[in-house]
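Chemist: One structure follows; several queries about it will come next.
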Amino acid sequence: MTGALHYTVDGPPDAPVLLLGSSLGTTGAMWQPQVAALAERYRVVRYDHLGHGGSVTPPGPYTIDLLGRKVLRLLDDLSVTRVHYAGLSLGGMVGMWLAAHAPERIDRLALLCTSALLGPADGWRARAAAVRAGRLDSIADAIVERWFTPAFTATHPDAVAAYRNMLVSTPAAGYAGCCAAIAAMDLRPDLTAIRAPTLVVGAADDPATPPEHAAAIAERIPSARLVVLDGAAHLANVEQPEAVTRLLADHLDPEGAVP
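One gets the working numbering by counting positions in the sequence shown from 1 and adding 109 to each.
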């Protein structure tokens with residue numbers, strides 16, 4: 110850990126850096142299904158959002174600007190000038206902010222199951238209030254139900270339980286602070302400023318950020334590529350690990366993707 114954000118590193122120390130941002134209520138461990146393959150080619154850095162996992166948890170509310178600036182500080186502390194970035198959900202929101210506000214730091218960008226505007230704001234504020242009142246465990250099942258399709262839940266109960274445990278282990282102040290960041294967020298004006306080659310991935314069965322949110326992002330980012338995966342809900346990288354790994358590999362290095 111350096112500064113505010115906890116991180117883990119896999120892969121060769123002299124390889125290009127791939128920074129991975131995870132979903133609200135998860136840690137960098139969310140990306141475990143992709144690490145082995147991607148670390149063959151990249152120095153894979155997985156960080157925990159502010160208020161999540163091993164990162165510090167200052168009092169909220171947070172903003173996307175704050176979350177993004179903490180990531181820039183992490184890169185500075187690691188002496189990393191430029192990275193590829195892939196983010197899912199909240200991680201994708203931070204990725205859009207980074208690519209628009211610090212374009213010199215982002216080489217290629219991948220945005221998965223995310224949104225540039227995710228209302229209604231009152232719903233996020235109500236969720237934050239419930240969590241601050243100590244009810245994260247009571248709403249966890251409803252949240253996890255949106256993360257995975259019923260078929261995956263039925264066939265992978267241990268994996269679903271592990272991700273639920275990750276969620277309920279999130280500090281209440283951190284989860285609520287990030288809910289406030291999403292409530293106040295409108296990244297739509299930033300999208301046309303993004304110049305990094307961008308892959309946008311939606312999931313056909315994602316109730317949290319439905320495919321039309323991915324399409325709206327891709328329409329605004331110049332030359333973005335849109336892919337919608339079947340057979341996946343919000344944590345598409347967990348339900349469709351091989352497909353997501355292949356998409357990321359092809360996008361980050363079109364000349365030599367991970368086999």
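The beta-carbon is built from N, C-alpha and C at its ideal position, and this holds for glycine as well.
This one's a predicted model, so the numbers in the text were calculated from it and none came from an experiment.
Can you give, in chain order, each stretch of the beta strand (DSSP E) that sits fully within the region 279 to 358 and has at least 3 residues?
Modeler: With a minimum length of 3 residues, the continuous beta strand (DSSP E) runs that stay inside the region 279 to 358 are 307 to 312 and 334 to 338.
Chemist: Mind checking ARG244: buried by the 16 CB within 10 Å criterion, or exposed?
Modeler: The residue is exposed, with fewer than 16 neighbouring Cβ atoms inside 10 Å.
Chemist: Using the beta-carbon count (16 or more within 10 Å), is SER188 buried or exposed?
Modeler: Looking at its Cβ environment, which holds fewer than 16 other Cβ atoms inside 10 Å, SER188 is exposed.
Chemist: Looking only at its chain, what residues have a beta carbon closer than 8 Å to the beta carbon of ASP157, apart from the 5 residues adjacent to it on each side?
Modeler: The answer, listed in chain order, is LEU114, HIS115, TYR116, SER131, THR136, GLY137, GLY163 and SER164.
Chemist: What is the DSSP secondary structure of ARG155, counted as helix, strand or coil?
Modeler: Three-state result, ARG155: strand.
Chemist: Residue range of the beta strand (DSSP E) that LEU128 falls in?
Modeler: Start and end: 126 to 130.
Chemist: Please classify ARG191: is it buried, with 16 or more other beta-carbons within 10 angstroms of its beta-carbon, or exposed?
Modeler: Exposed, by the Cβ-count rule.
Chemist: Under a three-way DSSP split, which group does ARG217 fall into?
Modeler: In the structure shown, ARG217 sits in a strand (DSSP, three-state: E or B).
Chemist: How big is the Cα-Cα spacing for SER247 and ASP123?
Modeler: Their backbone Cα atoms lie some 45 Å apart in a straight line.
Chemist: Could you name the residues that DSSP lists as bridge partners for VAL118?
Modeler: The partner list for VAL118 (beta bridge, DSSP) reads VAL154.
Chemist: By Cβ distance below 6 Å, which residues in the same chain neighbour PRO368 in space, the five residues on each side in sequence not counted?
Modeler: With a pLDDT of only 43 at PRO368, under the threshold of 50, the placement of this residue in the model should not be trusted; the figure read from the coordinates follows. Excluding residues within five positions, none has a Cβ falling inside 6 Å.
Chemist: Would you report the Cα separation of PRO266 and ASN274, rounded to the nearest angstrom?
Modeler: When rounded, the distance between both Cα atoms is 12 Å.
Chemist: From ALA209 to GLN141, what distance separates their C-alpha atoms?
Modeler: Straight-line Cα distance between these residues: approximately 27 Å.
Chemist: Would you list the one or two residues that DSSP bridges to HIS193?
Modeler: For HIS193, which the question treats as bridged, DSSP gives the partners LEU127.
Chemist: Leaving out five residues before and five after ARG152 in sequence, what residues of the same chain have Cβ atoms less than 8 Å from its Cβ?
Modeler: Answer for ARG152: VAL118, ASP119, GLY120, PRO121, PRO122, ASP123, ALA124, PRO125, VAL126 and LEU127, listed in chain order.
Chemist: Does the contact criterion of 3 or more C-beta pairs under 8 Å hold for the region 285 to 298 versus the region 201 to 216?
Modeler: Touching, per the Cβ criterion.
Chemist: On the three-state DSSP scale, how would you describe GLY163?
Modeler: Here GLY163 sits in coil by DSSP.
Chemist: From which residue to which residue does the alpha helix (DSSP H) around GLY200 run?
Modeler: Note, GLY200: alpha helix (DSSP H), 199 to 210.
Chemist: In the DSSP assignment, the alpha helix (DSSP H) including LEU187 goes from what residue to what residue?
Modeler: Here LEU187 belongs to no alpha helix (DSSP H), and DSSP marks it neither H nor E.
Chemist: Short check: CB of LEU344 to CB of VAL310, under 9 Å?
Modeler: Cβ distance not < 9 Å, so LEU344 and VAL310 don't count as in contact.
Chemist: Roughly how many whole angstroms lie between the Cα atoms of TRP206 and ALA260?
Modeler: Taking the straight line joining both Cα atoms gives about 34 Å.
Chemist: Which term fits THR318, buried or exposed, when burial requires 16 or more other beta carbons within 10 angstroms of its beta carbon?
Modeler: Buried: at least 16 other Cβ atoms inside 10 Å.
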